[in-house]
Amino acid sequence: MYAATGSSAGTTSSAPITSASSSSRSATSVSSGSSSSTGTLVGNAANGATLWTQRSCVGCHGVDGTKNANGTAALIALNPNRSFYRHRQDTQDRSLRDFIALWMPQGAEGTCTGQCAADLEAYIWTFRKPSDGQPDVPVSYFSCPANAPSYGQRTLRLLTKLEYQRSVRDLVNYQADVTASLPDDFVSGAFVNNNTLSIDKTRYTSYLANAERIATDVATRWNAVLGCTPSASCASTLVNTLGPRIFRRPLTTDEQTAYLNVANGTTGGRTATDGMQVALTAMLSSPQFLYRSEVGTLSGSGVYKLDGYEMATYMAYTFTGTTPTAALMTAAGNGTLNTAAGIRTQAATLLASANTKLLLTDLVNRWLMTEKIETLTKPAVTNFATLGADMKNELGKNFAYAMLETNGSFANIYNPSYTHVNQRLATHYGLTFSGTQDADGFVRATTSDRGGILTSGAFLSRYASTTDSNMITRAVAIRRKLLCQDIPEPPSGVSLDREQLFAQDRAFYEAPTTTQHMIFDRLTGGTTCSNCHAEIINPLGGGLENFDTAGRVRTTDLKGNAIVAKGTFYSPYPQLQFLNDPDRVRYTPEIQFNGAKDLARTIVEHPQVAGLAQTCLATQFVSYSSGINSIFLIDSDREVGYKRISEEEETAYRCDVADLTNVLTTRGPRAMLEEIPALESVMYRKEWVR
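Quick note: the UniProt record's numbering has the sequence shown finishing at residue 690, numbered continuously throughout.
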């Protein structure tokens, strides 16, 4: 069960101050504005400051709402600049003072009403800077400031294990697996990205050992790699031809001289045979190979522009997961990658790479957390490990096809009339298997009840239980993963509470006519859990009940009851609004749908829901390509346990999310991909303070 707990609700309509109380109390049914007599009182900020200390507000919110006296972060940061509270005395809408009167402080609710609440309200509003203007409205959407620059962070990115593997394969045709011997990658949000990872002495040993093994192997086949055998001229080919491909840029004069001396045997008194092997080892263990440079060259006051070779490297690894091709290096050298137009042209070419489809398969499975579904236990399905791997392929092929279609549309990501299946999946889903098979034995099959990422077997199986569907996990995954709405984690002890409730009413839960929908509604109703479950979770997840634990369409549940998959989508806003939200929109739009496929159509066709899904898709690609955790790119104030990026940097990336979303909606998914390397945050960098 999930409850609207704390700032992790991540919305302007669930501000951090609600944290303590909303997890421990159920929503109180009180008419807006009628719960207290504070509406007509004038608050005194000076008195409020005294009350702030006397009533131990500082214990949770710090001395100023964000920090403790010693400068550390407050337990529950209070940010009135982005809060939903309105500083007014309106009998129709609850203000901050009414919230204090109802819910604060934790454990002693209702002890600070009337003038006390009004004074505390007045003091809290002093936390805002004079230039901040009015607080956000209850339902707000991010708006990029006019003419705001969107500079990315200057950085060096350590190659991931797979990037290293593909790079040595494409540079010197080294085929042996090296990933097991390399240090673990860093995961930022959903994606693997080493833009904050450095190499210490212990880590470097593994890179050096790999470089030595690779160089030893290449030394047995120089002619196949360089078209020559060890000699002075071959040493020159190694340094002047292969060297720039390894470093992904031309070598400097000093580098050329140093590596030529080693390769020729001049340094160390070696022969060219030994020298070339040592030189290759040095190149493959150098920072110039191990790190992708996104540092740039100073082009203005504190602003750096990536040069052509840095752009070539960024584009190659973003779209193909490996080192730049010779053609891309040529484009870097002749200035093609110095302009946004030239970048888009080269991006269009790169998207034709077979590697791009593989990367998109990996991306969508990491985004949806389906990359390990073959490890799930599904007793009702024979050999689910094999079938799960097929489902990941299905999801990847559907996604890659929809993203790369020349004239494709956003609709095909969620609601196409086809899916990709092999014979096993076709049998599992009950589809006809016919047509031209691809290299993996998959065909594109026409279907009316599945297709797209929401109704993929991978998604539906991943967010189901071992034996049955699960309306809660599916709904939470839709909100978080597909729409980028931030639902807080359930409070501790919920599983024990659920077991106790089940034991108390076992006859009802085990009755043959009791459906899953009825069970979850009973377990989550009438408690703090209902703050999230009553609208945000249960009505949404119940609409996917027509798919079983392994992603198959069903008309009856495990007890034989007819499936009712009518669902309702509430709160189609970037910031979720919960039942206990004092400033919740009074008449929340109720979007009706019937079954998972109809929900997919709703995601595509309903303006507000489609807007969320489109922005979320763009957000995932900015997160993937930049290495910025997606939690910083959505409407969330959730404390993530480590240092946030600055609001200015966050705004820069979110402006680029807005740009990508616009391209997606006007020109389609493929055009959005082509736009990624032309984003301002990619081409231009600065030293952001973190």
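Backbone N, C-alpha and C fix where the C-beta goes; we use that ideal spot for every residue, glycine too. Computed from a prediction, not measured in an experiment: that's the story for all the values here.
| Query | Result |
| --- | --- |
| Considering only the alpha carbon of each residue, which of S456, Y653 and N531 lies closest to P491? | N531 |
| Using DSSP bridges, identify the partner residues of K686. | Q153 |
| Just the C-alpha distance for L251 and G333, rounded to the nearest angstrom, thanks. | 13 Å |
| Take the Cβ of S131 as the centre, count every other Cβ of all protein chains shown within 10 Å, and call the residue buried at 16 or more, exposed below. | Note that S131 scores 42 on pLDDT, short of 50, meaning its location in the model is unreliable and no value can be drawn from it. |
| With a CB to CB cut of under 8 Å and the five nearest residues on each side skipped, what residues in its chain are close to Q256? | V239, N240 and G243 |
| Taking 8 Å as the cut-off, decide whether the C-beta atoms of Y418 and L290 are in contact. | no |
| Tell me whether V178 sits in a helix, a strand or coil according to DSSP, three-state version. | coil |
| Select from C655, S625 and V663 the residue whose C-alpha is nearest the C-alpha of L677. | In the sequence as presented, Leu is not what sits at residue 677; that position holds Pro. Out of C655, S625 and V663, S625 has the C-alpha closest to the C-alpha of P677. |
| Compute the beta-carbon to beta-carbon distance between A402 and N393, rounded to the nearest angstrom, for a pair I have assumed lies under 8 Å. | Not quite, the Cβ-Cβ distance comes to about 15 Å (not below 8 Å), so this is no contact. |
| Jot down the residue ranges of each uninterrupted alpha helix (DSSP H) in the region 500-548, minimum 4 residues, whole runs only, in chain order. | 506-510, 516-524 and 538-541 |
| Can you tell which of F508, F433, Y684 and T330 has its C-alpha closest to the C-alpha of A340? | Y684 |
| When we look at the beta-carbon of V295 and count the other beta-carbons within 10 Å, is it buried (16 or more) or exposed? | exposed |
| DSSP beta-bridge partners for S293? | L156 |
| What separation, rounded to the nearest whole angstrom, lies between the Cα atoms of Q134 and T377? | Bear in mind that the predicted position of Q134 carries a pLDDT of just 41, short of 50, making it unreliable; the figure below should be weighed with that in mind. Rounded to the nearest angstrom, the two C-alpha atoms are 52 Å apart. |
| Please list the segments of the beta strand (DSSP E) lying wholly inside the region 395-423, counting only runs of 3 or more residues, in order along the chain. | 418-421 |
| Leaving out five residues before and five after I343 in sequence, what residues of the same chain have Cβ atoms less than 6 Å from its Cβ? | L337, P677 and A678 |
| Here's the rule: buried if 16 or more other CB atoms are within 10 angstroms of the residue's CB, otherwise exposed. What is N580? | buried |
| Whose CA, out of P379, T615 and G595, lies closest to the CA of G668? | T615 |
| Figure out for me which residue from A613, G567, C655 and A101 has the closest Cα to the Cα of I591. | G567 |
| Does DSSP put T267 in a helix, a strand or coil? | coil |
| Since S448 sits in a beta bridge, which residues does DSSP pair it with? | In DSSP, S448 forms no bridge with anything. |
| From the DSSP output, in three-state form, read off V364 for me. | helix |
| Quickly, what does DSSP pair Q592 with across the bridge? List them, please. | T568 |
| Does the Cβ-Cβ distance between G396 and T361 come in under 8 Å? | yes |
| Using 8 Å as the Cβ pair cut-off and three pairs as the minimum, do the region 183-200 and the region 214-234 touch? | no |
| At the level of alpha carbons, what is the spacing between E675 and L298? | 23 Å |
| Using the three-state DSSP reduction, which class does L482 fall into: helix, strand or coil? | helix |
| Would you call P539 buried or exposed, if buried means 16 or more other Cβ atoms sit within 10 Å of its Cβ? | buried |
| Can you tell me which of the three DSSP states residue 776 falls into? | What is shown of the chain runs 1 to 690, which leaves residue 776 out entirely. |
| Over what stretch of residues does the alpha helix (DSSP H) that includes Y309 continue unbroken? | G308 to F319 |
| Excluding the 5 residues preceding and the 5 following E680 in the sequence, name in chain order all residues of the same chain whose CB lies nearer than 6 Å to its CB. | S150 |
| So which of T126, A671, P607 and A117 has the shortest CA-CA distance to D64? | T126 |
| Can you tell me the Cα-Cα spacing of G542 and Q608, whole angstroms? | 21 Å |
| Determine the direct distance from the alpha carbon of A600 to that of S469, and round the result to whole angstroms. | 18 Å |
| Please confirm if the region 508-527 is in contact with the region 558-574, defined as three or more CB-CB distances below 8 Å between the two stretches. | yes |
| Less than 8 Å between the C-beta atoms of T619 and S630, yes or no? | yes |
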